[in-house]
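Below is one structure; the comments refer to it alone.
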């Protein structure tokens, strides 16, 4: 009986240890010539399309119109650990700063950062990058 409970409890407890690591998770920072509200909408669409696994991983968002900042993130099933996160900040009417960080495994990897960069520029959600470029740092 104990073994059965440990089998159920261990993945739940270990799940809290995974997620974005501020020191070594893949990250991409860039500025796009797109209005803040449009970038926020694009980030939400991208997260739902490519990072949520058909709703298996919740997509959450917050926006502060007064400060011109927003965040979109995807969490684990328990909802506390972020696996991917996009922070946005308005730089005026037509420019937005974007900082995206991912966990570094599965669908939350460096390739997903390249795809996100293209989505922010061109506005079409895609889970794959089609443009040649240097890898994000």
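Residue numbers (UniProt numbering): 1 to 137. Ideal Cβ positions, reconstructed from N, Cα and C, are used throughout, including at glycine.
By DSSP's criteria, residue 85 is part of a beta bridge. Which residues make up the other side?
Answer is 73 and 101, bridged to residue 85.
For residue 30, the first and last residue of its enclosing beta strand (DSSP E):
27 to 32
Thinking C-alpha only, which one of 92, 103 and 79 is nearest residue 86?
103
Identity of the residue in 83, 99, 120 and 22 nearest residue 105 by Cα:
83
Other residues of its chain near residue 121: CB distance less than 8 Å, five sequence neighbours each side excluded:
Taking residue 121 as the centre and dropping the five residues before and after it, the same chain places the C-beta of 32 and 34 closer than 8 Å to its C-beta, in chain order.
For residue 93 and residue 42, the rounded distance between their alpha carbons:
16 Å
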